[in-house]
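Before any comments, here is the structure.
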Ligand code: NAD
Ligand code: LMR
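In this note's numbering, the protein residues as written are 2 to 328.
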């Protein structure tokens, strides 16, 4: 018997990332090859005509799994009865900016969408925040959606950083990327993130890292800026691929440890309480993530986690001030 369609929202649907992400959802790469979807596409009124054009193209793709499209500039319509949400729509940074420079402009979007989730979506909805600064936007969104939607249902995307680090590990070791595992991103999706290759394996065999690879750390921390410098636009194809990877693993489960920005309760690896912090996670068949425990961190790593955690605390204060502290 065929499955009931699920309702999947992509915000920023007239933007760059969405243009690469919608096809991955439509083809079944995210929710599975037998899971029909009803696509909800949200953008702002200024982008209505571009959004109309996206709908024309989605229609022309004739995806067998797409059982309907709801394209709108109205949050109440977009967030109705959702099972999954990709919150992509937000201003991207330009050359010379840090992602946290977007906080004041973007955080209000996520406060409003948190309220819309609580008012209109299913309480079981799973929300992936991509719009920057992703970790803090996810935190604010979860606070405005509480208590109807649990904070564990909000995650921020650090999978792009992980994919970048995996690719570098493969290149540096002269192996195909498909066998590389156990490369983790800790902390914030920002230039303080800590890409950790100390546990990296290839086809199950530990790769010969001694200590930490500072060249790789710096490359991954600055990769988003390198893409912007080259393209004059922020990453989109790779961001969409990472968003699809993240949501697929969350919806379908994975025994492989993958990096996800999730709510920290202050009890794991010295990360602060009440921030969305990227940890290595596994996901069960019930769409519940769990932080991988028992990894050892040396002093170098502990120090990196402290720095990125402090940045998240500072972002949280700024974000709460920007939303008028109306929680
Ligand atoms: P873009 O400018 O091409 O598209 C953004 C779209 O969002 C635009 O169409 C805009 O009109 C829309 N939008 C703005 N406010 C909205 C709102 N309130 N509701 C719905 N839509 C709204 O940008 P992009 O390249 O697609 O990037 C989107 C965001 O993703 C940026 O913040 C970017 O920095 C971030 N990003 C994050 C990662 C990550 O790894 N977490 C990676 C790449 C990009
Ligand atoms: C990225 O990592 O490519 C995105 O977060 C975009 C950016 O601003 O770097």
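Idealized CB from N, CA, C, for every residue including glycine.
Please read all numbers here as calculations on a predicted model, not as lab measurements.
Which class does residue i belong to by DSSP, given the choice of helix, strand or coil?
i, result
"residue 198", "coil"
"residue 89", "coil"
"residue 189", "coil"
"residue 51", "helix"
"residue 207", "strand"
"residue 221", "helix"
"residue 324", "coil"
"residue 232", "helix"
"residue 1", "Residue 1 cannot be examined here, being either before or after the span of the chain that is shown, 2 to 328."
"residue 23", "helix"
"residue 96", "coil"
"residue 113", "helix"
"residue 149", "coil"
"residue 318", "helix"
"residue 56", "helix"
"residue 175", "coil"
"residue 32", "coil"
"residue 309", "helix"
"residue 143", "helix"
Going by DSSP, name the residue or residues bridged to residue i.
i, result
"residue 251", "According to DSSP, residue 251 bridges with nothing at all."
"residue 182", "202"
"residue 281", "260"
"residue 69", "39"
"residue 157", "130, 262"
"residue 12", "43"
"residue 7", "38"
"residue 291", "283"
"residue 274", "266"
Using a Cβ-Cβ distance cut-off of 8 Å, determine whether residue i contacts chain D.
i, result
"residue 94", "The structure shown has no chain D; it contains just one protein chain."
Starting from the Cα of residue i, find the closest Cα among the options and give me that residue.
i, options, result
"residue 23", "58, 187, 195, 183", "58"
"residue 98", "134, 129, 74, 117", "134"
"residue 298", "196, 108, 228", "196"
"residue 113", "46, 36, 144", "144"
"residue 165", "3, 25, 221, 261", "221"
"residue 163", "201, 154, 55", "201"
"residue 294", "276, 254, 270", "270"
"residue 273", "280, 279, 265", "265"
"residue 146", "124, 167, 159, 160", "124"
"residue 142", "155, 238, 131", "155"
"residue 159", "149, 224, 21, 108", "224"
"residue 51", "278, 16, 244", "16"
"residue 96", "242, 72, 230", "230"
"residue 68", "90, 39, 88", "39"
"residue 257", "280, 173, 232, 35", "280"
"residue 401", "106, 149, 243, 296", "There is simply no residue 401 to check, as the chain begins at 2 and stops at 328 in what is shown."
"residue 88", "167, 107, 48, 49", "107"
"residue 203", "176, 213, 8, 3", "176"
"residue 53", "72, 37, 63, 61", "72"
"residue 4", "60, 35, 288", "35"
Alpha carbon to alpha carbon, how far is residue i from residue j?
i, j, result
"residue 263", "residue 103", "20 Å"
"residue 217", "residue 119", "40 Å"
"residue 170", "residue 121", "43 Å"
"residue 314", "residue 276", "7 Å"
"residue 74", "residue 116", "16 Å"
"residue 219", "residue 55", "37 Å"
"residue 152", "residue 292", "15 Å"
"residue 1", "residue 290", "An answer regarding residue 1 cannot be provided, because it is not within the stretch 2 to 328 covered by the chain."
"residue 234", "residue 92", "11 Å"
"residue 76", "residue 19", "17 Å"
"residue 238", "residue 21", "6 Å"
"residue 78", "residue 205", "46 Å"
"residue 226", "residue 101", "13 Å"
"residue 94", "residue 111", "17 Å"
"residue 178", "residue 325", "45 Å"
"residue 6", "residue 63", "16 Å"
"residue 316", "residue 193", "12 Å"
"residue 37", "residue 129", "19 Å"
Quiz item: Do the segment 312-328 and the segment 124-138 meet, that is, are 3 or more Cβ pairs less than 8 Å apart?
Solution: Touching, yes, given that three or more Cβ pairs across the two stretches are closer than 8 Å.
Practice problem: Could you tell me whether the segment 72-91 touches the segment 291-307, where touching means 3 or more Cβ pairs closer than 8 Å? | Solution: These segments do not touch.
Quiz item: Taking three-plus beta-carbon pairs below 8 Å as touching, is the segment 248-263 in contact with the segment 30-40?
Solution: Touching, per the Cβ criterion.
Quiz item: Is there contact here, the segment 4-12 with the segment 32-48, by at least three beta-carbon pairs under 8 Å?
Solution: At 8 Å Cβ cutoff, the stretches touch.
Practice problem: Pair every Cβ in the segment 182-197 with every Cβ in the segment 308-318, then say whether three or more of these pairs are closer than 8 Å. | Solution: Judged by pairs of C-beta atoms under 8 Å, the segment 182-197 touches the segment 308-318, as three or more such pairs exist.
Exercise. Answer yes if the segment 254-263 comes into contact with the segment 281-291, meaning at least three C-beta pairs across the two stretches below 8 Å, and no otherwise.
Key: In this structure the segment 281-291 lies against the segment 254-263, because at least three pairs of beta carbons, one per stretch, are closer than 8 Å.
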